[in-house]
Amino acid sequence: MAKLDMDGPFPLEEEAILRETGQPMPGSIALGYLAANRSFEVLYVDFADSTVQETLLKCLKKGIGKGGLFDKLKGKNPINAFKFSYAMSVEASYQKSCKNFHEFGGSKKLNNKEHPRPPRGKDWACDRCTAELSANFKIKTG
Ligand SMILES: [Zn+2]
């Protein structure tokens, strides 16, 4: 069973974001659906290249991570909550978001249209993708 290893869930509201994410640090976030029984369904993962708080406020204001109209018609759950974790570096938060992206089903299951991308100017490769590539390479050449 995939595990986020994050704090939360908290309601995706400005007040909760300001209250819970006061540390000016980068980190990883997950947006999702918090059911009445407190179970949390991950629907979108991302990372903060500045601060967790800034990224969450941007998601809230711009509706980032929400499913499209088609998802609504299919009865897919709406985003109403978030989880987050701080990281010591932006690269660490990027790698954690990549790991979550893979473990929670990638673009097929998440609202993420594509794999998380490193910030502009960085050429970090996702550890998980790199491991898969080298495994395939070994099979082909082995
Ligand atoms: Zn990857």
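Numbering (our numbering), first residue to last: 711 to 852. C-beta: ideal position from N, C-alpha, C; glycine also. These numbers come from a predicted model, not from an experiment.
**Request:** Go to Phe814, then tell me how far its beta strand (DSSP E) extends in each direction, as first and last residue.
**Result:** From DSSP, Phe814 is part of no beta strand (DSSP E); its letter is neither H nor E.
**Message:** Helix, strand or coil, according to DSSP, for Ile789 in the structure here?
**Reply:** coil
**Asked** What is the C-beta distance between Ser807 and Asp756, in whole angstroms, given that I count them as a contact (C-beta under 8 Å)?
**Response** 6 Å
**Message:** Here's a check: name, in chain order, each residue in its chain whose Cβ is nearer than 8 Å to the Cβ of Ala791, leaving out the five neighbours to either side.
**Reply:** Gly718, Pro719, Phe720, Pro721, Leu722, Leu741, Gly742, Tyr743, Leu744, Phe750
**Prompt:** Got a sec, what are the start and stop residues for the alpha helix (DSSP H) Glu724 sits in?
**Reply:** 724-730
**Message:** Are the CB atoms of Leu770 and Ile739 within a distance shorter than 8 Å?
**Reply:** no
**Asked** Hey, is Arg827 close to ligand 1, as in C-beta under 7 Å from one of its heavy atoms?
**Response** no
**Request:** Give the DSSP-derived three-state secondary structure of Asp781 in the structure shown.
**Result:** helix
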